[in-house]
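Colleague: There's a structure below that I have some questions on.
Number of protein chains: 2
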Amino acid sequence: MVTRDRQRRVTITDVAQHAQVSTTAVSKVLRNAYGVSEAMRAKVRAAIDELGYRPHNAARAMRGRTFTIGVLLPHIRNPFFADIIDGLTEELSASGYQAIMVQSGGRDPVAERRASDALVDRQVDGIFWVAPACARAQLEQMAGDTPLVVLGRHDRSALYDCVLDDDEIGAELVVEHLIALGHRRIAHITDSTRGRSTALLQSIRATTYERVMTEHGLAEHISIAATSYSEEGGYEGARELLARDPRPTAIFAGSDQAAFGALAAVHEANLTVPGDVSVAGYDNARVTGLAHIALTSVDQDGGLMGKTAGRLLLERIGGRSAAVRFSVTPTLVTRRSTAPPP
Amino acid sequence: MVTRDRQRRVTITDVAQHAQVSTTAVSKVLRNAYGVSEAMRAKVRAAIDELGYRPHNAARAMRGRTFTIGVLLPHIRNPFFADIIDGLTEELSASGYQAIMVQSGGRDPVAERRASDALVDRQVDGIFWVAPACARAQLEQMAGDTPLVVLGRHDRSALYDCVLDDDEIGAELVVEHLIALGHRRIAHITDSTRGRSTALLQSIRATTYERVMTEHGLAEHISIAATSYSEEGGYEGARELLARDPRPTAIFAGSDQAAFGALAAVHEANLTVPGDVSVAGYDNARVTGLAHIALTSVDQDGGLMGKTAGRLLLERIGGRSAAVRFSVTPTLVTRRSTAPPP
DNA sequence: GTGCTATTGGGGAACGGTTCCCAATCGTGA
DNA sequence: TCACGATTGGGAACCGTTCCCCAATAGCAC
């Protein structure tokens, strides 16, 4: 490896010398710790500005905090995650904490494990894990090491905080809406990740779909394609569903991304939306509202969820240990992709 | 702050004791450094496995490497970035390096600076900066600290590597395509970030649009909306363009995201695509191919660009200091969103 | 003046790795 | 047998911070 002639960093020692004080004093000023006079504070701050000092994060990590929040996302392709991250960023912006994101790979347990280890090893002060697919035990183990907020799982734990929307209400809204429009052959696209632990949101959405169908005497029309919540998954799932006989008149995709794929499959089959087939999604990511897509979807306010997750993490870092569960009530946003059946 | 009763970490000292060797030896094994026998290597590896040791990243960062690659993205909402990251992840997967992503905020210089500082402070071994909007001097300064690969800028530098597509060819392809279809009133949506430094890709695309229009004697029909490459930007830009008199018959949006927004605006104006207005984008992110969107776009193989960026970074970390410039030749993908004018 | 507490500042030991440098051993050719 | 270079292993300094202490001083009630 070449040794780059990187100009030596300005360290806390340089600042201390320049301000004619001890490194301890500088450290105290930096951390707003107790035991420094106003005069000292001013003198040190001046030296910091003058030298352009920035704390060395790795050195901090050796002893204390890193002022870093780790975010685990299944992947960054899902536009709904962008809404969540916007909320998180907003909440953290004034706090001095920096969010770093890592892709967990979602459906591959080994990749997911590697990603979560990477954050723990990097000594982040808190972790925000979006839609973890691993076992609960692994979450609890991690929570023992690092403050943890989980988004989108329904199992309760005393060790970490949960942010979620009420997927049962959300799925109910969609299915009831389609039934009210007159549909009977309503199909569903779900995500098959890891045998559908009942705590995963995709399980709840699927189970609720089945329940509501049954409650309306439509049990015989239950029709599920278990692929994934991605665009490819939605596409494959919809192709599979449309090939069944009789063909469904409505498709409830478990996510907006899957709904995009489903829309593509419907168009490709030379069918129209909503003329021949109605399509509904879930998440109401910002794109779904665009006029040429106009997808009926369930809104769950990703921005608020991200913002809340940020707040909960800061609280936990600040010392709270009691677990908090924050639930958002979803609403249905009706757009042009759903209509009465042909 | 509560002190969590985290079980003390397994350190390199524990491993050394367990294997009855020095910490130096363990360190050498970990880094595949010179000066350890095969027997030593085996003994140490056994101890590592037995104790479940994982290197403490922060401690490494103090003297050695962090095995971390920092990625700066304007924001994660752009689906094209997901293609890039997929390529990068693939390239890094076998290398032992972990990518961490930070949002730079794109259009806000202060936020961008803060994000890039955050990565430097966290002592990443290399930085992959997608579409930086800052001054070149800032890039060169950073390159002095940390190996750097920049994506999507056309200014040359001897200090960092560049990965880009030939935006001149790409823009040419689109405009020529629209002209060949018979369009004359072709409008363009660009990104106004920071006074259009000529090195930014949006400047090249816009300038090329003007050049090709002029070359075909269509200078009088040049019509540009300078908003942003986001969906909102495309929406606002298209509304602005459609309100002009005479109305354009084709819109060349500088990015797919902007094209999505433009599509929405066209639909909202009760015009059809491509009947009344043709729309073309740039990037050919995976979604644009979906049948119900079917956007004509310029393909620039984001996966390959991400993969290459990863390789270049690893090379630079390995010691290369000569600057490399990797350019992708884009191709036009014609879909249903473009057709002859009414 | 004395004893006490509150406030302010600093000394120095960690933290967990890496790396410089030196010592011991071994093999080999003269 | 000896000199010498190559190989292997380890001791100890060092990276930049934080934090546990202790010291000095000031203020105050008696």
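If you're matching them up, the sequences are chains A and B in order.
For what it's worth, my numbering labels the leading residue of the first sequence as 1, then goes sequentially.
For what it's worth, my numbering labels the leading residue of the second sequence as 1001, then goes sequentially.
Glycine is no exception: its CB is placed at the ideal position from the N, C-alpha and C atoms.
Within 10 Å of its beta-carbon, does A:R122 have 16 or more other beta-carbons around it, so buried, or fewer, so exposed?
Modeller: Burial call: buried.
Colleague: Give a yes or no on whether 8 Å exceeds the smallest Cβ distance from B:I1076 to chain A.
Modeller: Chain A contact via Cβ: present.
Colleague: With a CB to CB cut of under 7 Å and the five nearest residues on each side skipped, what residues in its chain are close to B:R1004?
Modeller: Residue placement at B:R1004 cannot be trusted, given a pLDDT of 40 that sits under 50; what the coordinates show is reported in the next sentence. Hits under 7 Å: none found.
Colleague: Under 7 Å Cβ-Cβ, which residues of chain A neighbour B:M1305?
Modeller: Result: empty, since nearest Cβ-Cβ is about 16 Å, beyond 7 Å.
Colleague: Taking beta-carbon pairs under 9 Å, can you tell me which members of the stretch 1079 to 1101 of chain B lie near chain A?
Modeller: Of all residues in the stretch 1079 to 1101 of chain B, only P1079, F1081, A1082, D1083, I1085, D1086, T1089, S1093, Q1098, A1099, I1100 and M1101 come within less than 9 Å of chain A when Cβ atoms are compared, listed by chain position.
Colleague: Could you work out which residue in A:Y209, A:D191, A:E220 and A:D276 is closest to A:V237 when comparing CA atoms only?
Modeller: It is worth fixing the name first, because residue 237 of chain A is Gly in this sequence and not Val. The candidate whose alpha carbon is nearest that of A:G237 is A:D191.
Colleague: Should A:Q300 go down as buried or exposed, given a rule of 16 or more other Cβ atoms within 10 Å for buried?
Modeller: buried
Colleague: How is A:F260 classed by DSSP in three states: helix, strand or coil?
Modeller: helix
Colleague: Let me confirm a value: A:M1 is counted as buried when at least 16 other C-beta atoms fall within 10 Å, else exposed. Which label applies?
Modeller: Caution is warranted here: a pLDDT of 33 is assigned to A:M1, below 50, making its placement in the model unreliable, and the coordinate value is therefore given only provisionally. A:M1 comes out exposed.
Colleague: On a CA-only basis, which of A:R336, A:T272, A:H56 and A:L314 is nearest A:P147? Give me that one, please.
Modeller: A:L314
Colleague: What residues in the stretch 1025 to 1047 of chain B bring their beta carbon closer than 9 Å to a beta carbon of chain A?
Modeller: Within the stretch 1025 to 1047 of chain B, no residue has a Cβ that lies closer than 9 Å to any Cβ of chain A.
Colleague: Closest Cβ-Cβ distance between B:A1343 and chain A: below 8 Å?
Modeller: Chain B is shown only over 1001 to 1342; residue 1343 of chain B falls outside these bounds and no answer can be derived.
Colleague: Applying the 10 Å Cβ sphere with the 16-neighbour rule, what's the burial state of A:N57?
Modeller: Only buried fits A:N57, as 16 or more other CB atoms lie within 10 angstroms of its CB.
Colleague: Measure the Cβ-Cβ separation of B:S1223 and B:L1241 and say whether it is below 8 Å.
Modeller: Between B:S1223 and B:L1241, the C-beta gap is smaller than 8 Å, which places the two residues in contact.
Colleague: Does the stretch 75 to 82 of chain A come close enough to the stretch 1134 to 1146 of chain B that 3 or more CB-CB pairs lie under 8 Å?
Modeller: As far as the Cβ criterion goes, the stretch 1134 to 1146 of chain B does not touch the stretch 75 to 82 of chain A, which means the pair count is below three.
Colleague: In this structure, how does DSSP classify B:L1304 when only helix, strand and coil are distinguished?
Modeller: B:L1304 falls in the helix class under three-state DSSP.
Colleague: Could you name the residues of the same chain whose beta carbon sits closer than 6 Å to that of A:T13, not counting the 5 residues immediately before and after it, in chain order?
Modeller: T23
Colleague: Within the continuous beta strand (DSSP E) that includes B:T1334, where are the two ends?
Modeller: Premise fails: B:T1334 is in no beta strand (DSSP E) and is neither H nor E.
Colleague: Would you call the CB atoms of A:L151 and A:V130 closer than 8 Å?
Modeller: yes
Colleague: Hey, A:A250 and A:H183 are a contact pair by Cβ (cut 8 Å); roughly how many whole angstroms apart?
Modeller: 4 Å
Colleague: Do you know how far the Cα of B:V1120 is from the Cα of A:T308?
Modeller: 28 Å
Colleague: Output needed in chain order: residues of the stretch 1122 to 1140 of chain B with a Cβ under 7 Å from some Cβ in chain A.
Modeller: R1122 and Q1123
Colleague: Rounded to whole angstroms, what is the Cα-Cα separation between B:D1108 and B:H1154?
Modeller: 21 Å
Colleague: Which value, in whole angstroms, describes the spacing of the CA atoms of B:I1189 and B:T1331?
Modeller: 20 Å
Colleague: Counting only Cβ-Cβ distances shorter than 9 Å, please list the residues of the stretch 148 to 178 of chain A near chain B, keeping chain order.
Modeller: none
Colleague: Whole angstroms is fine: what's the gap from A:H75's alpha carbon to B:R1009's?
Modeller: 30 Å
Colleague: Go through its chain and collect everything with a Cβ distance to A:R316's Cβ below 6 Å, but skip five positions before and after it.
Modeller: P147
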